[in-house]
Amino acid sequence: GFLQPGANATAVRMVGEFLVRFFSDQAAGRATQDVTEQIDYELRSLLGSGAIAFPSAFTFVARAFTSVDGIAKSLQPEIELRQALDPFVSQLITDEYTSQANAKRDALLAQAKGFFGQGGEGGGEGGGEG
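If you want it as structure tokens, here you go:
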């Protein structure tokens, strides 16, 4: 996982609250605070203790996104890549969570049918021919 068990809960909360404020301010076009002024110690303690571990895929995606953003800015300085990608990323997230929710629903229905002894749709007492 991203956050290891036993991580300093206070530091995690402070870092999380800062990041939510930072990205909310950035999205609204407001001035953002410098991370080193606000949560430098907490973030360094979490990273230094191994409480936060970034999966390698996350690191590669972040580096790729940063590279693409830099290239886009050099070609067109006024472009905001995050805003341009927002509809696509939102759709990917929606699709992923929808498919996960559907799979969990189907598994739960299968368990319930097994629990109640139903082999198919409808079924049960009084629901068949007779």
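Here the numbering used here is used: the first residue of the sequence shown is 381, the next is one more, and so on.
Quick reminder that beta carbons are idealized off the backbone N, C-alpha and C, glycines included.
Rank the options by C-alpha distance to the C-alpha of residue i and give the top, closest one.
| i | options | result |
| --- | --- | --- |
| K414 | A407, L427, L399 | Residue 414 is actually Asp in this sequence, not Lys. The option with the nearest alpha carbon to D414 is L399. |
| T416 | A433, Q406, V395 | V395 |
| L423 | E460, L461, A411, E397 | E397 |
| A391 | A408, D420, A407, R443 | D420 |
| L383 | S479, A407, A433, A483 | A433 |
| V448 | G409, T478, L461, K484 | L461 |
In angstroms, rounded to a whole number, what distance separates the CA positions of residue i and residue j?
| i | j | result |
| --- | --- | --- |
| K453 | L472 | 24 angstroms |
| A431 | N388 | 8 angstroms |
| A490 | D475 | 22 angstroms |
| F559 | A492 | Residue 559 lies beyond the residue range present for the chain, which begins at 381 and ends at 510; the question has no answer from this structure. |
| F468 | G497 | 43 angstroms |
| D405 | T412 | 6 angstroms |
| G494 | D486 | 12 angstroms |
| L426 | G386 | 11 angstroms |
Between which two residues does the alpha helix (DSSP H) harbouring residue i extend?
| i | result |
| --- | --- |
| T547 | This structure leaves residue 547 out entirely; the chain is present only between 381 and 510. |
| N482 | 461-496 |
| G409 | Neither: G409 is in no alpha helix (DSSP H) and is coded neither H nor E. |
| S425 | 420-428 |
So what does residue i bridge to, in DSSP terms?
| i | result |
| --- | --- |
| L383 | I432 |
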